[in-house]
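All residue numbers for the sequence shown refer to my numbering, where the first residue is 6 and numbers rise by one.
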Amino acid sequence: EALLIARRVRAEERAALAREMHDVVAHEVSLITLHAGALSVDPQESERARETGELIRVTGRRALAQLRQILDVLRDPETVESSFQPGPALQDLPQLLADSAVAGVP
Numbered sequence: 006e007a008l009l010i011a012r013r014v015r016a017e018e019r020a021a022l023a024r025e026m027h028d029v030v031a032h033e034v035s036l037i038t039l040h041a042g043a044l045s046v047d048p049q050e051s052e053r054a055r056e057t058g059e060l061i062r063v064t065g066r067r068a069l070a071q072l073r074q075i076l077d078v079l080r081d082p083e084t085v086e087s088s089f090q091p092g093p094a095l096q097d098l099p100q101l102l103a104d105s106a107v108a109g110v111p
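Here it is in structure tokens:
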């Protein structure tokens, strides 16, 4: 019985952490993505600023998707393992460098 109680307590702690991360981090990243999307279509901005806004928007959406996966694991670690996507790998390096160049990062 003590083992079941300990498991339930850990599950409740993970769920609370997932809620907090969702409420704070996901909300802030969503706002960043929203503002970057507006920047990317603003005709008064330079082409470079619009491209950078689009890059930030896409990166933010990718971060939100990864955050959702992490939150799902926190909520129920047993049912999500098969759907978890790892971060960028070595073969992703050319695209990461191209994205950085568009953003003006050498």
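Heads up, the beta-carbon is just placed ideally off N, CA and C, and yes, glycines get one too.
| Asked | Found |
| --- | --- |
| Keeping to the same chain, check which residues put their C-beta closer than 7 angstroms to that of R80; ignore five residues upstream and five downstream. | R19, A20, A23 |
| Please look up how many angstroms separate the CB atoms of L115 and E52, rounded, as I've assumed it's under 8 angstroms. | Nothing about residue 115 can be reported from this structure: the residues present for the chain run from 6 to 111 only. |
| Just to confirm my understanding: we take P104, look at its own chain, exclude 5 residues before and 5 after, and list those with CB closer than 6 angstroms. What are they? | Just to set this straight, residue 104 is Asp in the shown sequence, not Pro. Contacts found: L60. |
| In this structure, does DSSP put Q49 in helix, strand or coil? | coil |
| How would you write the range of the alpha helix (DSSP H) that V30 sits in, first residue to last? | Neither: V30 is in no alpha helix (DSSP H) and is coded neither H nor E. |
| Find out if the Cβ-Cβ distance for the pair A31, L69 is shorter than 8 angstroms. | yes |
| Which word fits L113, buried or exposed, when buried means at least 16 other C-beta atoms lie within 10 angstroms of its C-beta? | Coverage of the chain is limited to positions 6 through 111, which leaves residue 113 absent and any answer about it impossible. |
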